[in-house]
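Have a look at the structure below, then the notes.
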Amino acid sequence: MAELKSQIYELKKNQIDADSIYGFLGAFNEVYSECTDAEKKQFMQVFIERIDIFPERREDGNWFQNIKFQFPVPIIKEGKEVAQIKGISLDEEKSDEHMISLEKLSTLETVCLLSKLHEAKHHVNVRLDMDEMAYMKALQKLEQMENMVEK
32 MAELKSQIYE
42 LKKNQIDADS
52 IYGFLGAFNE
62 VYSECTDAEK
72 KQFMQVFIER
82 IDIFPERRED
92 GNWFQNIKFQ
102 FPVPIIKEGK
112 EVAQIKGISL
122 DEEKSDEHMI
132 SLEKLSTLET
142 VCLLSKLHEA
152 KHHVNVRLDM
162 DEMAYMKALQ
172 KLEQMENMVE
182 K
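In the working numbering, the protein residues as written are 32 to 182.
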């Protein structure tokens, strides 16, 4: 937990760039997985003020109605802050310029056909770097949120 707090302090102290964020996120999973349940709860309470749930599970399987953050999260585009969001919502009636609706976010899905080499007439060797893929996915989600804020 102390290591995680140290990394957060360093991010705040230094200019935050994609590499430093990526490094922090890469280390976060390792540090978080070693935390006790009490430390995990304490960590989440720093970021999340409140979670509202629907009285009954919706047809799409969701229980979560809104997640409100403890502090506004800035949306930065081309080095400038374009908006701040205070939470995310699955309730379209409660979404506004400060509560991003998850239902409005587009999703990106990839389908890959894997076949046995001897059955395929042609094949292509592909190298996947999962760390790079995770970084790209995070950037795509940020772009989706920025696009929602602009609309």
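Virtual Cβ for every residue (Gly too), placed ideally from N, Cα, C. Keep in mind that this is a model prediction, so the values were computed, not measured.
At least 8 Å separates the beta-carbon of Pro105 from that of Gln96. Apart from sequence neighbours up to five positions away, the residues of its chain that approach Glu34 with a beta-carbon distance below 8 Å are Ala58 and Val62, ordered along the chain.
Assigned with DSSP and collapsed to three states, Asn97 falls in strand. Taking Met130 as the centre and dropping the five residues before and after it, the same chain places the C-beta of Gly118 and Ser120 closer than 6 Å to its C-beta, in chain order.
Residue Glu174 holds the alpha-carbon nearest to the alpha-carbon of Glu109 among Glu174, Ser37 and Lys36.
Taking C-beta atoms as the reference points, Arg81 and Lys99 count as a pair closer than 8 Å.
Beta-bridge analysis with DSSP links Gly118 to Lys99 and Met130. With contacts defined by Cβ atoms closer than 8 Å, Phe78 and Gln101 form a contacting pair. In the DSSP assignment, Glu80 falls within the beta strand (DSSP E) that extends over Ile79 to Ile84.
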